[in-house]
Amino acid sequence: MSVDSARETLYHRGEADMVATIQNTDVKQEDAHGAVVVAVTSRALFGGDDDDDVSGVGVAFPLLQALQRVNQRLLEKDPAESLLFDVVLITTDSQQQQQSSRIVSSTRHHGLEVSRFCFSSQEDFIESLLTNNVQLFLSTDRNEALQASQQGVLSALLDRQGAPSEQLRVMLCGDAVVRPDAGPAPVSRPAAESFSSRLGEMRRRFGALDSPLSIVLVTSSGDRESCGVALRTLRSRGLGVDEAYCLAGAPRSPILSLLRPHFLLGDGVIGLED
Amino acid sequence: MSLSNSLTASGQDLTSSGNRVGWEEASTVLKPSTPTRKSPKPENAITIGVSARVLFNMEKEQHIYEQQGMEEYIKYQVEHETQPFSPGPAFSFVKALEAVNTRLRELYPDSEELFDVVLMTNNHAYVGLRLINTINHHELFIERFCMTGGNSPIGYLKAYHTNLYLSADPVKVREALEEGIAAATMFTPEKMTEVSETQLRVAFDGDAVLFSDESERIYKAHGLDKFFEHEKAHENKLLDHGPLKGFLEALGKLQKKFYAKGQRMDCPIRTYLVTARSAASSGTRALKTLRSWGLEIDEALFLAGAPKGPMLEKIRPHIFFDDQLFHVEGAAEMGTVACHVPYGIAQRVIKRETHDKETSSAPK
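Protein chains in written order, with this note's numbering: chain A, 1241 to 1514; chain B, 2 to 365.
Shown next, in the form of structure tokens:
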């Protein structure tokens, strides 16, 4: 598929900024209601060494592979499954935008199933997220992630990890899950709760053993009681936890290489190394 | 976690990233109404990792896992979430550790040189709430845990400077020993003798536990008499150290803290050496080695080959470590919580037997 022959949807704005979304006709477009839309920046996906024709892969590559594996396993169980991950690639970098066909072909070269490519300016990318109904936005750029989060889009920071796992491992910060009744809720809270619930539903398609995804809860500063509250809170949101670590003040970094999460979900944006 | 600590933490975080105000503020408001003691830093504390199956009695659930599989096991656990487990073989040991901590805090309120008990289980977190409810019910001071959902706990043991790991699973125990962590497989006696609630008592076998297995090899190859001869001849040559030497050392360090405050007679920690060595011949080498290591042992019992069960029944330790299953089983029969240290030459024969006995076990 080339950019020229693809269908394009253009949104014109007053200042002639353009947000362009291209559908990838090679990939089956997910049922809009069933899918969990995950957006990744092309900066995060393509950051490695470049070939002449093809971009090298970056931090987000193992994550996308893991998402694909989950989809495969879901479809194995039920070929008519609609609760699948739907991956959207967002390019805000103007340099990369000029190489849009390279982005598309690199994606295909690496065997990645991206259903839509969005090209927008730095100022407009949040609009892309909203119009594409993105439920989780992943970036290596903290400012991008913060901006999106402040507009209500659940966002997480992708950090470089050690040996990534085949299993999709989502880490939740227990200290952030537990909430007092007073105090302003983060803008992305509703998005976080809805994502948790869909992720939980997806997780329940599989048994305790041999699941292609694992939910990992880490309570860093809280004691066992706050961990218990976090477990109950997540359960009430429809998300069952597979592994739980209550550190009661012990540092998190010694076990990050053992936990091997692909990303960390908290309220606001927290990096793995924070 | 005290309020002041979390305020300090969020104060630092506010300067680094304004966005973090949200959840940091929330965690300060969250402080529980009953003040909880702050857990010591792992590098300062003596960290004891215990698995769920040794801390609590999970025999029924283990049976369900073995007969009906993982899904039924988890279902059962969740259905009985509010039912606390009853104590397991490590329970009284953990309670005694807490009693020592209480005394240490009285004498040294600012010190972090305390026992820190961590629940280290490869149970699935679905069992987590039942475990937390049980810890609450028994009022145990366990604030740290790792529920690895089936993954090996060994990496976590290392990451948090674990000084001793107790599990019902010999495979994990062996893995831990191979990584240089003191570890032992805990057995459940049919009937547990009553132990002290105020004084922690720990009993160790000598060879292949505190000491290396070098002399044990002589015994295995040439018998007890030759062993005694050899030891007498080499009485001034230091033995090499065994896997539990470090733990005895840690206990000794805490004991000295009590002595420093004039509490030698009333020390809440007491250690015992229970060995097949004889006082007349081979015992000297053991004592000299301990002395050269700067370690004291409160009572050394040289049995010259006699069975250990009756002696242990008199001592009533909370825990007894031995490398030979024969002694471990003998002690358990007489009501002592005995742990097997699968180290050294004694394991070569045992390995073949246990391989047949070992069934796949439930998460612990």
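Heads up, the beta-carbon is just placed ideally off N, CA and C, and yes, glycines get one too.
For clarity, every value in this text was computed on a predicted model and none was experimentally measured.
Interface flag, residue i vs chain B, CB-CB below 9 Å
i	result
A:Gly1468	yes
A:Asp1399	no
A:Cys1358	no
A:Asp1482	yes
A:Gly1296	no
A:Leu1471	yes
A:Arg1313	no
A:Asp1463	yes
A:Ser1437	no
A:Leu1504	no
A:Leu1487	yes
A:Leu1376	no
A:Leu1303	no
A:Ala1246	For A:Ala1246, the predicted structure reports a pLDDT of 38, less than 50, and the residue's modelled location is therefore unreliable. A value from the coordinates is still provided. No - not a single Cβ of chain B is within 9 Å of the one on A:Ala1246.
A:Leu1479	no
Nonlocal neighbours in the same chain, by C-beta distance under 7 Å from residue i, ignoring five residues either side
i	result
B:Val79	Tyr127
B:Gly247	Asn164 and Ala183
B:Glu250	Leu296
Residues of its chain near residue i, where Cβ-Cβ distance is below 6 Å and the 5 sequence neighbours each way are ignored
i	result
B:Ser93	Val196 and His319
B:Glu99	Phe142
B:Arg202	Arg271, Pro318 and His319
A:Ser1428	Ser1389, Gly1392 and Leu1394
B:Asn123	Thr149, Gly151, Pro154 and Pro364
B:His328	Lys309
B:Gly263	none
A:Gly1478	Ser1437 and Gly1440
B:Ala108	According to the sequence as given, residue 108 of chain B is Leu; it is not Ala. Answer for B:Leu108: Lys262, listed in chain order.
Chain A within 9 Å of residue i, Cβ atoms only
i	result
B:Ile143	yes
B:Gln348	no
B:Leu130	yes
B:Glu62	no
B:Ser40	yes
B:Ser28	At B:Ser28, the pLDDT of 37 sits below 50, so the modelled position is not reliable and the matter cannot be decided from this model.
B:Ile49	no
B:Ile65	no
B:Cys268	no
B:Tyr157	yes
Own chain partners of residue i with C-beta closer than 8 Å, once the 5 adjacent residues on each side are dropped
i	result
B:Glu230	Ser282
A:Ala1275	Ser1322, Leu1323, Leu1324, Phe1325 and Asp1326
B:Arg265	Phe259
B:Glu330	Phe188 and Ala339
B:Gln348	Asp324
A:Val1297	Leu1285, Phe1286, Gly1287, Gly1288 and His1350
Neighbour list for residue i in chain B, Cβ cutoff strictly below 8 Å
i	result
A:Ser1454	Gly150
A:Pro1494	Ala160 and Tyr161
A:Ala1490	Ser40, Lys42, Pro43, Arg145 and Tyr161
Residue i: contacting residues in chain A (beta-carbon distance under 9 Å)
i	result
B:Cys380	In the structure displayed, chain B extends from 2 to 365; residue 380 of chain B sits before or after that span and is not available.
B:Pro85	What B:Pro85 touches in chain A: nothing, since even the nearest Cβ is about 13 Å away.
Residue i: contacting residues in chain B (beta-carbon distance under 9 Å)
i	result
A:Leu1412	Per Cβ cutoff of 9 Å: no residues; A:Leu1412 is ~11 Å from chain B at best.
A:Gly1535	Nothing can be reported for residue 1535 of chain A, as the shown portion of chain A is limited to 1241 through 1514.
A:Ala1306	Those do not exist, as A:Ala1306 stays about 16 Å from chain B at its closest Cβ, beyond 9 Å.
Cross-chain neighbours of residue i in chain B, by beta carbon under 7 Å
i	result
A:Leu1449	Met71 and Gly151
A:Leu1457	Ala126
A:Leu1408	Going along chain B, no residue has its Cβ under 7 Å from A:Leu1408, so there is no contact; the nearest lies around 14 Å.
Per-residue contacts from residue i into chain A (C-beta, under 8 Å)
i	result
B:Ile75	Ala1448
Neighbour list for residue i in chain A, Cβ cutoff strictly below 7 Å
i	result
B:Ile136	Arg1464
*Does the stretch 1301 to 1320 of chain A come close enough to the stretch 1356 to 1367 of chain A that 3 or more CB-CB pairs lie under 8 Å?*
no
_Stretch pair the stretch 138 to 157 of chain B + the stretch 73 to 80 of chain B: three plus CB contacts closer than 8 Å_ = no
_Does the contact criterion of 3 or more C-beta pairs under 8 Å hold for the stretch 126 to 137 of chain B versus the stretch 155 to 166 of chain B?_
Output reads no: the stretch 155 to 166 of chain B does not touch the stretch 126 to 137 of chain B.
_Check whether the stretch 1420 to 1440 of chain A and the stretch 1468 to 1488 of chain A are in contact - that is, three or more C-beta pairs closer than 8 Å._
yes
*asked:* Counting beta carbon pairs with one atom in the stretch 1424 to 1434 of chain A and one in the stretch 1482 to 1491 of chain A, are three or more of them shorter than 8 Å?
replied: no
*Every unbroken beta strand (DSSP E) inside the stretch 206 to 286 of chain B [3 residues or more]*: As far as the stretch 206 to 286 of chain B is concerned, its whole beta strand (DSSP E) runs of at least 3 residues are 270 to 276.
*Cβ contact (3+ pairs, closer than 8 Å) linking the stretch 173 to 181 of chain B and the stretch 227 to 243 of chain B*: no
*Quick check: the stretch 1384 to 1397 of chain A against the stretch 1362 to 1375 of chain A, are there 3 or more CB pairs under 8 Å?*
yes
*Residue ranges of each beta strand (DSSP E) within the stretch 66 to 146 of chain B, 3 or longer*: 116 to 122
*Whole alpha helix (DSSP H) elements within the stretch 292 to 320 of chain B, 4-residue minimum*: The qualifying runs are 310 to 316.
*Which runs of the alpha helix (DSSP H), 4 residues or longer, sit entirely within the stretch 1276 to 1361 of chain A?*
1282 to 1285, 1301 to 1317, 1334 to 1338 and 1340 to 1349
*At a cut of 8 Å, does the stretch 114 to 125 of chain B reach the stretch 145 to 152 of chain B through at least three beta carbon pairs?*
Contact between the stretch 114 to 125 of chain B and the stretch 145 to 152 of chain B is present, because at least three Cβ pairs lie under 8 Å.
*Segment contact flag, the stretch 205 to 217 of chain B with the stretch 105 to 115 of chain B, C-beta cutoff 8 Å, min 3 pairs*: Two segments are said to touch when three or more pairs of C-beta atoms, one from each, lie closer than 8 Å; by this definition the stretch 205 to 217 of chain B does not touch the stretch 105 to 115 of chain B.
_What ranges does the beta strand (DSSP E) occupy inside the stretch 1362 to 1400 of chain A, keeping only unbroken runs of at least 3 residues that lie completely in it?_
Here the runs fully enclosed are 1376 to 1379 and 1395 to 1397.
*Ordered list of beta strand (DSSP E) runs contained in the stretch 1425 to 1479 of chain A, each at least 3 residues*: 1453 to 1459
*Determine, using beta-carbon pairs with one atom in the stretch 58 to 66 of chain B and one in the stretch 80 to 90 of chain B, whether at least three such pairs fall under 8 Å.*
yes
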